[in-house]
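J.: Heads up: the protein sequence lines correspond to chains A and B, in order. Following our numbering, the numbering of the first sequence begins with 466 at its first residue and continues without gaps. Following our numbering, the numbering of the second sequence begins with 3 at its first residue and continues without gaps. No residue lacks a Cβ here, since even glycine has one placed at the ideal position from N, Cα and C. Computed from a predicted structure; not experimentally measured.
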Amino acid sequence: MKPIYIEMTAFGSYIQESIDFTKVDHGLFLITGDTGAGKTTIFDAITFALYGETSGKKRDGKMMRSQYAAPDQKTQVKFRFLYAGETYEIVRMPEQPKYRKKKEGNGYERLKTNQQPTVQLILPNGEEYPGKVREVNAKIEQLIGLNGEQFTQVAMLAQGDFMKLLLASSKERKEIFAKIFDTRLYGLIAERITSRFNQAKEALEKNQEGIMQAFSKITLVEDSAYAEIWNGETYATRFSETDSEGLLQLVLDICKETKERQKQIQSEKEKIEKQMEQTQQMLDAANTVNRQFEELEQQKKEQKKLQEQEKDIDVIKNKIANGERAAGVEHFYEVKKEKEKEWNRTKSQLEQGKQWIALHNEQLLQLEQEYKKNVAEWEEKATPLQSEESQIREKFFNYDKIEQLKEQCKEKKKEIETEQKNKEKLEDALVDADGKYDGKELRLQQVLEEEKKISEYLVQESQIVQREEDIHVLLDLEKKLQVLLQKEEKERMYLLQAQKRQQEEEEKYHKISEAFLHNQAALLRQQLREGMPCPVCGSVHHSPEMWIEGKKIGDSVDKEQLKFAEEQKAKATKEREKANVGYERTKQELEAKREEYLRSKLRLFGENTVSILEEQKAVKRQLEQLEQKKKEGETIKREIDKLQKWLTSYKENRGKQEEKIKLATENLTKQQVALATLHAQYDSVLGQLPFPTKKEAMERMEFLRTCYTKLVTAKKESQMRYEKEKAQMDQRQGQLQQLKEQVATLEVEVKKVGKNYEEQLQKAGFTDTKQFQDSYLTQEKMEQYKQEISDFQELQIRSAERIKHLMEQTAGKKPLDVESYKEQQNALLVQKNEIEKQGNELYHFVTTNDEAKKIGTNLYKERIDSQKKGNVLQKLYNTVNGKLPGKHLTFQTYMQREFFKEIIAHANMRLLKMSRKQFMLQCRNIEDLGAQGEVGLDLDVYSLMTDQVRDVKTLSGGESFLASLSMALGMADMIQNSNGAVHLDTMFIDEGFGSLSDETRNEAIRILNELSGGRRLVGIISHVSELKNQVGTKLVIEKNSKGSHHRWEMDVDAMPTPL
Amino acid sequence: MRMFHISDLHIGKQLHSYNLYESQKDVLGQIVEQAKEKRPDVMLIAGDVYDKAAPSGEAYELFDWFLNELAEISPMIPVLVIAGNHDNAQRLKFASQFLERNQIYIATMPPRKEGEYIKKVVLQDEYGNVNFYLLPFTKPGYVRQLIGEEKEAISYDEAIKRLLDRENIEETERNVLLAHQFFVANGQKPEKSDSEITYISVGGLDSVDTAHVKKFDYVALGHIHKPQQMGESYIRYSGTPYKYSVSEEKDKKGILMIDLGEKGSPNTYEQIPLIGTPDVRSIRGTMQELLDAANGETIQDYVSITLTDDDVFRAKETLEEIYPHILEIHVDNQRTRKRLEQNIGKDKKRTPMEAFLAFYQEMNDVPLSCEEEKIMLEILRESQEALQEL
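(1) Does any C-beta atom of chain A lie closer than 8 Å to the C-beta of Arg41 (chain B)?
(2) Indicate whether at least one CB of chain B lies closer than 8 Å to the CB of Phe1356 (chain A).
(3) Going by other Cβ atoms of all chains shown within 10 Å of its Cβ, with 16 needed for buried, is Arg530 (chain A) buried or exposed?
(4) Can you confirm whether the stretch 1216-1235 of chain A touches the stretch 790-802 of chain A when touching is taken to mean that 3 or more C-beta pairs between the two stretches lie within less than 8 Å?
(5) Which residues in chain B have a C-beta closer than 7 Å to the C-beta of Ile654 (chain A)? List them in chain order.
(6) How is Gly206 (chain B) classed by DSSP in three states: helix, strand or coil?
(7) Would you call the stretch 1492-1507 of chain A and the stretch 18-32 of chain B in contact, with 3 or more CB pairs under 8 Å?
(8) DSSP state of Ile1018 (chain A), grouped into three classes?
(9) Please name the residues in the stretch 241-252 of chain B whose beta-carbon is closer than 9 Å to at least one beta-carbon of chain A, in chain order.
(10) In this structure, how does DSSP classify Lys1504 (chain A) when only helix, strand and coil are distinguished?
(11) Whose Cβ in chain B lies nearer than 7 Å to the Cβ of Ile507 (chain A)?
(12) Count the other CB atoms within 10 Å of the CB of Lys639 (chain A); is the residue buried (16 or more) or exposed (fewer)?
(13) With a cut-off of 8 Å, does the C-beta of Lys95 (chain B) fall near any C-beta of chain A?
(14) Note down the Cα distance separating Lys671 (chain A) from Met677 (chain A), rounded to an integer number of angstroms.
(15) With respect to the beta strand (DSSP E) encompassing Gly256 (chain B), which residues constitute its N-terminal and C-terminal limits?
(16) Name, please, each residue of chain B whose Cβ falls closer than 8 Å to the Cβ of Glu547 (chain A).
(17) Hey, out of A:Ile1262, A:Val1496, A:Lys1352 and A:Leu1482, whose CA is closest to Asp1545 (chain A)'s CA?
(18) Buried or exposed, going by whether 16 or more other CB atoms sit within 10 Å of the CB of Tyr144 (chain B)?
(19) Using a Cβ-Cβ distance under 8 Å, would Ala91 (chain B) count as near chain A?
(20) Starting from the C-beta of Val310 (chain B), find all residues in its chain whose C-beta is less than 7 Å away, skip the five residues before and the five after it, and write them out in chain order.
(21) What are the boundary residues of the alpha helix (DSSP H) that includes Arg657 (chain A)?
(22) Does Tyr1187 (chain A) come out as helix, strand or coil in the three-state DSSP assignment?
(23) Measure the CB-CB distance between Val107 (chain B) and Leu69 (chain B) and report whether it falls below 8 Å.
(24) Could you check if Leu717 (chain A) is buried or exposed, using at least 16 other CB atoms within 10 Å of its CB as the buried criterion?
(25) Terminal residues of the continuous alpha helix (DSSP H) containing His825 (chain A)?
(26) Counting only Cβ-Cβ distances shorter than 8 Å, please list the residues of the stretch 1080-1105 of chain A near chain B, keeping chain order.
(27) List the DSSP bridge partners of Ile106 (chain B).
(28) Scan the stretch 579-604 of chain A and note each continuous beta strand (DSSP E) run of 3 residues or more that stays entirely inside, going in chain order.
(29) Report the rounded CA-to-CA distance for Glu710 (chain A) versus Asp688 (chain A), giving the unit in angstroms.
(30) Buried or exposed, going by whether 16 or more other CB atoms sit within 10 Å of the CB of Asn590 (chain A)?
(31) At least one CB of chain A closer than 8 Å to the CB of Asn21 (chain B): is that the case?
(32) Counting Cβ pairs closer than 8 Å, one from the stretch 1345-1356 of chain A and one from the stretch 352-372 of chain B, do we hit at least three?
(33) Please find out if some non-hydrogen atom of the ligand FAD comes closer than 7 Å to the beta-carbon of Gly675 (chain A).
(34) Got a sec: is the Cβ-Cβ distance from Ala475 (chain A) to anything in chain B below 8 Å?
(35) What residues match up with Asn177 (chain B) in a beta bridge as DSSP calls it?
(36) In whole angstroms, what is the alpha-carbon distance linking Glu35 (chain B) and Ala295 (chain B)?
Next up, the structure:
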């Protein structure tokens, strides 16, 4: 959240003030001003705009109304800010008194009801967020990600309130963190474990119920040995947690008992069954005897019946004898019948053959005649046809030749045309070239002229170049001349100086030397004695009066001084000489150069006064022209070359061209001759043809051929037909003869066979055929009768045997009475049924008990597993939900503590710097946590020097400020780093710096500056004057009778903007 | 021409709340003595004369005393002073025109209006003129009007460059510049000390490239407290005359003496050392070592102590008895080191499972068993899925 613009109307000490924050996009800025000027009000305004509360919570909305406002001005704050890259605007009004104009007179009167607080939120797209105050507030909170409480702890450290952050309780911290750090995952984990744990518990309970249910189905046998214990206290509930083994064992025993009882019943049943068997046996025996007697009676009856049937059997026997006789005759009868049939058949065949021959004779004669006719025709017409055809074929090839000749003529004509065209082309080209030749010759002449002109012009080149150089040299000279002039001047001055000095020195020397001399003279004078020669002049007379001039020898001038003065004089003289020399030299140079210069000038320009520069320019122009001309010269040369080349080649080619033309004409004549020859050939061949066209010739040939073929075929066919018919006829004749012979043979045989038959008939005793036939029996019938007889005989035998057997069996016995056995049997049956019923019941018990036992045992096994799982889950459940003894820390809280520790780590990075590694913050250790209420996020201070932990409240004022600042920065860091939706780009700190010493304050400012480098904005309210010099961007608040006003003072403004 | 170059006197400064009046007076006294001995032709003070914008009465007294002592030397040595970022321009300017008559030249503001130029003082030596340009600490804001750009913000670099460009500097004569800025030579920054408090401004660096001042024969710089050259041997920071923080412990403090040769020939440099009393240093060791090392002379020094002992009882009090001027006490032993490491080493992100393992261990004093782990992994997966759906 970054503020862009705030407008306060009748708010605090501002009547109408708009502050533009776009000047400070990021970095550190200072809000400064006198006490009560309205600095904190700005922060209040921001907090108020966002949340409807003020930063310190000390003033609420109502109190914000400005004293300076007119009654018709409503208190309002308009705040525009940037969040996550988008611009939002909030307009909020607190509760305030309403005024309206008095009906009479001036002024306003106050209404009874107050203006209710309003708020508007305008979204980045320009629309207003709909809803009542509460909804809009909720939306704003959701947008920023923090509510008023949290905002004032993290982003806005209000005056005197920064300790809040340090002293907040765990619970409050948890609330803040819950919004910022997403610990939902851990809550979910706790939920899940709890639910799993509950599930496990339920499972165990169900398991127990299941066991109880299963075991309740167990029935005991009557007078069971376990009845007492089963229904006793221990196991009455059919479940035991502790003594599951005992219970299971009991169940096992009960099952065993039931099984045994069942076995008992089973053996009883078997006993009864055995008894029943025995009774049955005896009953059966009695029944058998009785039956035997019955049967005997029956058999006797049977026998009698059979005897009555014997008569019929005899008749049959008779029939059989007759039949056998007839069988002997049968064979001969058959043979006779066969032969007769054959004889008749052959007779009929003979008749048929005769008829056929008679029919086909006529046809044969006809065919013979036709054949003869065809032969004659063929002999007549065949040969002439063939000769005509061969004639035509000979002449055939001529047609092809004609075609060939036609083609050749056509080709020749084409060749002639091409030749003609060729010749014409060559002639045209020749004419063309001739024309061009004339033109080019003329041009060559022109161009040669031009060339000459240019070369004349170029002769001047060297001259001009030379001139240019000369001018350049001249200019050079001029410059040098200037320099020399200057030097000369200098030298002259120097010389003058040197001269002056020399003079001075000379004077000095003179003075001194005089003095010296005087002194010397005085000395000498003193030494002079009358009569002694003067060392100077040698005279021996000295008149002392000569020298008494009263020259006062001033200062004693000694040799040293003289020497010194002499030296000085010499030096000065030397210098002067040097200067002189120098000067003279320079002067000479100057003269020389000047002469040179004048000479050159004269040479170049004569007597005229000209501007050398102008001349130089002119010369340059000339040079340019020269260059141009050179270029032209070259182009012309190239053209000349081209033309000359062309002309030479022309001459060569002309001769060649004429040759070609001649050749072409010769060719042409040759071709035309050839064409004439071809035509002649064509005409001659044409004369030789029999038919005008090839086609007609071919038709005629076809026709001839077809006629010939027709004749040939006719002849062949008729011949074939005739011969076939003849062959058939011959065959038939042969067959007829054969048949006649057969008929005769067969007649003889028939007679023989008839005789045989008659004989046999007699032998068998039959009078005639009819008798024989009557007695004849088929083989089947014979068999049937024989069988009947044998069956009958068998029956008789058997019956006799049976009777015998039975008589033996029943000898000495009597029929018996079975009633008593039957009764016994029934009684036993009833008993058996009874036992069976019992047995079934017990079987049912056994199965149910076994079933229950199985279920119960399985459930118990499962129980062990479930219990294990349950224990594990219980441990996890207790751990995660903070139910361990002495450690009331849930997992969620633990994670929050981790976050908290991270925040503290970030905070400590700064705090260590600011406190110079004296102390740092730490999260209270788990062992030291209290047991009551929400704990886990308590804060302590650790001193590095003494290795002691102390409560946060023991920090001094300045130290607390540092600690809260570090905490706020640490939180801001964490919020920034985590993926929460909260963007904390701005931080405001209201005072607190006054409680810090210079160095600490500098450290704190340094840290804030580091932090704000980048995207963050940090605003500080402070009255500390040093900060005014240190922080470049300032928002200065001043208050006068018209309320508070602001102005920005930035680095870049030289003059402060006027109020 | 012989020049003395000093800067960043910071008269009135306190070191960890110890008053440095006596030490500063002593050092300034040494400077005066050296001036008497070496007889420089000019004294250059390149800024930050006072420590605060509103110096204390004592500070004024001290500077007043210093100038008086210098004035006693005859022939009089001209003193050229520029204002630094710590000095208040108006205060420093007081009576500057009278002072000029006694060859004390003070420049407190750069030229701001058309027609104003950098204050120039011309002195002579046997080779001719030497032009001294006095450029006090300049913020771009001061000279915006002059440079003429209405809307744009100028950087420090740009401002200084323009200011120097519009001066008519005679290249054939020798020119010396006094300046108080944060210079950078080919991108290389000067070494800083803890005692410098950098100026904070919204956006914009305050660095100036030395390329703009290379045309001078010597550039006397102030602002940085450690004596050093910036790229060229004739562009130098003289450093503070006294150690103003523990980080300057190893610096060799002194006066920079420069002999300016003829135009074109190189200058000769010498650093005249200044001995600060008491010295500022840091010491480190066990309590016993520190007690042993305390001997008569150096015991008065300002010391920053680092104890390496494990937890001595009443360490602070014991040390305070022996060393009268303790600046700060640090403890650097196993324990503190571990603690500091702990603070830093928490950056790795833990997965929820890892977090849970740690939590479990802490709560139950035994690690998570295999079955428990299995169950937890399942639950974690389910929870994560459920969270995604939310």
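T.: Reading it off the structure:
(1) Closer than 8 Å: no.
(2) At least one chain B Cβ lies under 8 Å of Phe1356 (chain A).
(3) By the neighbour-count criterion, in which a residue is buried when 16 or more other Cβ atoms sit within 10 angstroms of its Cβ, Arg530 (chain A) is buried.
(4) The answer is yes - the stretch 1216-1235 of chain A touches the stretch 790-802 of chain A, with three or more Cβ pairs under 8 Å.
(5) The answer, in chain order, is Ile381, Leu382 and Ser385.
(6) With a pLDDT of only 45 at Gly206 (chain B), under the threshold of 50, the placement of this residue in the model should not be trusted; the figure read from the coordinates follows. Under the three-state reduction of DSSP output, Gly206 (chain B) falls in the coil class, being neither helix nor strand.
(7) With a cut-off of 8 Å, the stretch 18-32 of chain B and the stretch 1492-1507 of chain A do not count as touching, because too few Cβ pairs lie within range.
(8) At Ile1018 (chain A) the pLDDT is 49, less than 50, meaning the model places this residue with poor confidence and gives no usable figure here.
(9) Within the stretch 241-252 of chain B, not one residue has a Cβ closer than 9 Å to any Cβ of chain A.
(10) Residue state, collapsed to three classes: strand.
(11) Going along chain B, no residue has its Cβ under 7 Å from Ile507 (chain A), so there is no contact; the nearest lies around 18 Å.
(12) Lys639 (chain A) sits buried, since 16 or more C-beta atoms from the chains shown fall within 10 Å of its C-beta.
(13) Answer no: the Cβ-Cβ gap between Lys95 (chain B) and chain A never drops below 8 Å.
(14) Note on geometry: alpha-carbon atoms of Lys671 (chain A) and Met677 (chain A) lie some 10 Å from one another.
(15) Element bounds for Gly256 (chain B): Gly256 to Asp261.
(16) The residue you asked about is not Glu; residue 547 (chain A) is Leu in the sequence shown. Close partners of Leu547 (chain A) in chain B (Cβ separation under 8 Å) are lacking, with about 17 Å as the shortest Cβ gap.
(17) Outside the shown range of chain A, which is 466 to 1524, sits residue 1545 (chain A), and nothing can be said about it.
(18) Label assigned to Tyr144 (chain B): buried.
(19) No, Ala91 (chain B) lies away from the interface with chain A (no Cβ there is under 8 Å from its Cβ).
(20) The sequence shown places Thr at residue 310 (chain B), rather than the Val named in the question. Hits under 7 Å: Arg286, Gly287, Thr288, Asp334 and Asn335.
(21) Note, Arg657 (chain A): alpha helix (DSSP H), Arg649 to Ser681.
(22) When DSSP states are grouped into helix, strand and coil, Tyr1187 (chain A) belongs to the helix group.
(23) The question names Val, but residue 107 (chain B) in the sequence shown is Tyr. Between Tyr107 (chain B) and Leu69 (chain B), the C-beta gap is not smaller than 8 Å, which leaves the two residues out of contact.
(24) So Leu717 (chain A) counts as exposed.
(25) It spans Glu775 to Glu859 - the alpha helix (DSSP H) in which His825 (chain A) sits, taken as one unbroken run.
(26) So nothing in the stretch comes that close.
(27) Residue pairing from DSSP places Ile106 (chain B) in a beta bridge opposite B:Val81.
(28) List check, beta strand (DSSP E) in window: 583-587.
(29) Their Cα atoms are separated by approximately 24 Å.
(30) By the beta-carbon neighbour count (other beta carbons within 10 angstroms, threshold 16), Asn590 (chain A) is exposed.
(31) No, because no Cβ of chain A sits closer than 8 Å to the Cβ of Asn21 (chain B).
(32) With three or more CB-CB distances shorter than 8 Å, the stretch 1345-1356 of chain A counts as touching the stretch 352-372 of chain B.
(33) The ligand FAD is not part of this structure, which contains no ligands at all.
(34) No - not a single Cβ of chain B is within 8 Å of the one on Ala475 (chain A).
(35) B:Asn133.
(36) One C-alpha to the other measures close to 33 Å.
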